[in-house]
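**Q**
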Amino acid sequence: MKRYTQYILKDNMEVLLIGKAGLGGNNEAVFQKVEIKDVFGISPVASVENYNTLRPILQSAGYFTYFWVILITLIFLTPISLKNNMIVFGKINVDLPFPNSKPVESVSDFYDNIYDSYEKSNDVENDYQKEADSAEVTQAPK
Numbered sequence: 001m002k003r004y005t006q007y008i009l010k011d012n013m014e015v016l017l018i019g020k021a022g023l024g025g026n027n028e029a030v031f032q033k034v035e036i037k038d039v040f041g042i043s044p045v046a047s048v049e050n051y052n053t054l055r056p057i058l059q060s061a062g063y064f065t066y067f068w069v070i071l072i073t074l075i076f077l078t079p080i081s082l083k084n085n086m087i088v089f090g091k092i093n094v095d096l097p098f099p100n101s102k103p104v105e106s107v108s109d110f111y112d113n114i115y116d117s118y119e120k121s122n123d124v125e126n127d128y129q130k131e132a133d134s135a136e137v138t139q140a141p142k
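Using UniProt numbering, the letters of the sequence shown correspond one by one to residues 1 to 142.
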């Protein structure tokens, strides 16, 4: 993945040049890319310093965050019980959030499972909308 950033070059600005610089005809500055690596770039020194400083910090913060998220997830998924004043760790059950799920072999199976679960939820809602068999009308106390 190539990443490009544009900078405004101002007078007396310190820049880092990746490539070749020299004088051409009429003593004009000529900038060229290196033929061996096919690279050319100009970047302000401050932005390169910021990148070199922040990149390792952000990378280690990402690793730190990933580690703690995985650890906390494992703690929440591990069944723990107390028996005879001892803490017993059970086996992690990955199917716990999806106990009634069916195996999916294709996209159509996936959509069928979603449709079936939707139909089951509508049946439960319809049970609450039915009238009771022995309902009596009562008056509120005055």
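Beta carbons are placed, not taken as given, at the ideal position from N, Cα and C, and that holds for glycine.
#1: Can you find at least 3 beta carbon pairs, one from the region 48-68 and one from the region 28-37, that sit closer than 8 Å?
#2: First and last residue of the alpha helix (DSSP H) that includes Val-34?
#3: In chain order, which continuous runs of the beta strand (DSSP E) of length 3 or greater are located wholly inside the region 19-77?
#4: Assess, as a yes-or-no matter, whether the region 68-78 is touched by the region 39-52 under the definition of 3 or more beta carbon pairs within less than 8 Å.
#5: Assuming the contact rule is C-beta atoms closer than 8 Å, Tyr-7 and Pro-44 should be a hit. Round their C-beta distance to whole Å, please.
#6: Can you give me the Cβ contacts of Phe-89 inside the same chain, cut-off strictly under 7 Å, excluding the 5 residues immediately before and after it?
#7: Please go through the same chain and pick out, in chain order, the residues whose beta-carbon is closer than 6 Å to the beta-carbon of Gly-41, but skip the five residues on each side of it.
#8: Would Gly-90 pass as an interface residue toward chain D - the criterion being a Cβ-Cβ separation below 8 Å?
#9: If you run the structure through DSSP and keep just helix, strand and coil, what is Ser-108?
#10: For Ile-92, which three-state DSSP category applies?
#11: Helix, strand or coil: how does DSSP classify Ile-8 here?
#12: With a cut-off of 8 Å on the beta carbons, I'd call Leu-9 and Val-15 a contact; round off their distance for me.
#13: Could you tell me which of Ala-61, Lys-91 and Asn-84 sits nearest to Ile-75, measuring between CA atoms?
**A** Taking the structure as given:
#1: no
#2: No alpha helix (DSSP H) contains Val-34, which DSSP labels as neither H nor E.
#3: 20-23, 29-32 and 41-44
#4: no
#5: 6 Å
#6: Thr-78 and Ile-80
#7: Ile-18
#8: Of the chains in the structure shown, none is chain D; there is only one protein chain.
#9: helix
#10: coil
#11: coil
#12: 7 Å
#13: Lys-91
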